[in-house]
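> Have a look at the structure that comes next, please.
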RNA sequence: GGAGGGAUGGCCGAGUGGCUUAAGGCGGCGGUCUUGAAAACCGUUGGGCGAAAGUUCCGUGGGUUCAAAUCCUACUCCCUCCGCCA
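Residue numbers (the working numbering): 390 to 814.
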């Protein structure tokens, strides 16, 4: 959410910045509401002052004179008036908030302007595309042949976009989760957390999933509870409504959770394989930091996520998402795209974003101390470190051999019980 | 699922209609004293809006009243006991 004051004082800037996101907004009515709000607030407050003064006088009267005091009759009217003004005020406030809640974040100046995916800018690449003396297979062929991915039974148990992982298919998933958590907690300074996988609507609103994107979420019937689409939601909300001592910033958290997404509107996309599932595992990195540090912290978090792919030895590139491709809450996002030889394409495996104070304002996360001792909003940053299912996909496709077996990267072997290769037995 | 109890400032805790725009204590910060520290003493110490005056906030939302932390009501969360249970 953008601040009421900021929006009302920078209508032109907002229009400009949101046009970069291919959004047209009409803020004429907004401005009128801001003016009305101001007037209502002033009148209500001056009447309240009057009322408070009169109340003090009434309190000083001897009890037997109170009921006849003309002040009481006067104040009855004043109170009625205040009630009316405050009711109107809370309507206006609610309308203003509705508008603010549906405005996306403004792109940072370092975000390239663009119309879509093709305008994202490659920032760097790491490693090289592997050479094969044969035509590399896609991960779902490999996985089915090796008996580690069972798409048919997954669909039988639940439905489309659900998968049963077996044997080393399950173990590899667990190994990757452990590797990622171990690296981020012991080498990158993150604190491990295991949050609830179900959250309430306030929490969903705090990070920006609600009210706009309810269609993407699984909601529990008859309850205000939702399955989380990413650990970002519960973890960012750890400090919702709190004021943190500034000296404690930055705070780093790493969390493994399953993620649940409806994938509405993606019909026909990535229908085969693990790429797009309704349920998938992810290790997420979340940071809370002072406003002036957030862009440095974003770069560091991105490097932390890249480390995992470097350890696994898989080629990838980093792209700076253009204005049209930015998510609703983000001011800037880097995607890490991993090379998939079977698909002959780069695919997103991590998305690292700076939300600046957009989520902090919604969730009311502030800090205080240091320097002027003022209370101010923190900045929040997060990124996948990494999407686990897609990492498994990358391993299968990058390390496959001609006979259909797959070499397990060295760094994972201590988590696979020493097993070095996934092969037909 | 049944029965009961509770929610007040960073923490503890007083407060059942009107100088409570919340007593007192602890903790924090500043000071006096001290070679230094401790103790003692003095002062200070929440958030939102506002340039300020001021206004608002005692779990949340409604209500009663000239006036609500205090009364009514619905809800949320926590605790205790019983039952069931990984």
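By construction, the Cβ of each residue, glycine as well, lies at the ideal position given by its N, Cα and C atoms.
Which residues mark the beginning and the end of the alpha helix (DSSP H) in which residue 623 is found?
Here the alpha helix (DSSP H) through residue 623 covers 621-625.
> Whole angstroms is fine: what's the gap from residue 452's alpha carbon to residue 463's?
So the two alpha carbons sit approximately 18 Å from each other.
> By Cβ distance, which residues of its chain are closer than 6 Å to residue 782, with the 5 residues on each side in sequence left out?
Excluding positions up to five away in sequence, the list reads 528 and 663.
> How far does the beta strand (DSSP E) with residue 776 in it reach, from first residue to last?
Segment 768-776, the beta strand (DSSP E) holding residue 776.
> With DSSP collapsed to three states, give me the class of residue 744.
Strand, per DSSP.
> Can you pull the DSSP bridge partners for residue 647?
DSSP output for residue 647 lists 670 as bridge partner(s).
> So, at 6 Å on beta carbons, what are the nonlocal neighbours of residue 661 in its own chain, with the 5 sequence-adjacent residues on each side left out?
These residues qualify, in order along the chain: 529.
> For residue 494, count neighbouring C-beta atoms within 10 Å of its own C-beta (all shown protein chains included) and say buried if the count is 16 or more, exposed if not.
Result: buried.
> Going by the beta-carbon positions, is the gap between residue 649 and residue 769 smaller than 8 Å?
Not closer than 8 Å, so no.
> Kindly indicate which three-state DSSP category residue 554 falls into: helix, strand or coil?
In the structure shown, residue 554 sits in a strand (DSSP, three-state: E or B).
> Taking the C-alpha atoms as reference points, what is the distance between residue 711 and residue 426?
Cα-Cα distance, rounded: 36 Å.
> Would you grab the beta carbon distance between residue 390 and residue 489 for me? Rounded to a whole angstrom, and I think it's under 8 Å.
The pair is a contact, with the Cβ atoms about 5 Å apart (cut-off 8 Å).
> For residue 808 versus residue 512, is the C-beta spacing smaller than 8 Å?
Not in contact: residue 808 and residue 512 (Cβ atoms no closer than 8 Å).
> Assign residue 726 to one of two classes, buried (16 or more other C-beta atoms within 10 Å of its C-beta) or exposed (fewer than that).
With 16 or more Cβ atoms within 10 Å of its Cβ, residue 726 is classed as buried.
> I want to know whether the segment 726-745 touches the segment 606-617 - three or more CB-CB distances under 8 Å.
Verdict: no, contact absent.
> State the start and end residues of the unbroken beta strand (DSSP E) segment that holds residue 665.
Residue 665 -> no beta strand (DSSP E), and no H or E assigned at all.
> By the 10 Å Cβ neighbour count, where 16 or more other Cβ atoms means buried, how is residue 510 classified, buried or exposed?
It is exposed - the Cβ of residue 510 has fewer than 16 other Cβ atoms within 10 Å.
> Considering only residues of the same chain and omitting the five flanking positions on each side of residue 551, which have a CB-CB separation below 8 Å?
The residues are 543, 544, 666, 667 and 668.
> Quick one: Cα of residue 575 to Cα of residue 476, how far?
Their Cα atoms are separated by approximately 54 Å.
> Check whether the Cβ atoms of residue 772 and residue 742 sit closer than 8 Å, and answer yes or no.
Yes.
> Check whether the segment 738-752 touches the segment 790-797, taking contact to mean three or more Cβ pairs, one atom from each stretch, closer than 8 Å.
No: the two stretches stay apart, fewer than three of their Cβ pairs being nearer than 8 Å.
> Measuring straight from C-alpha to C-alpha, what distance separates residue 679 and residue 479?
C-alpha separation (whole angstroms): 32 Å.
> Output needed for residue 786: all residues of its chain with C-beta closer than 8 Å, excluding positions within five of it in sequence on either side, in chain order.
The residues are 525, 526, 527, 528, 531, 729, 730, 731 and 732.
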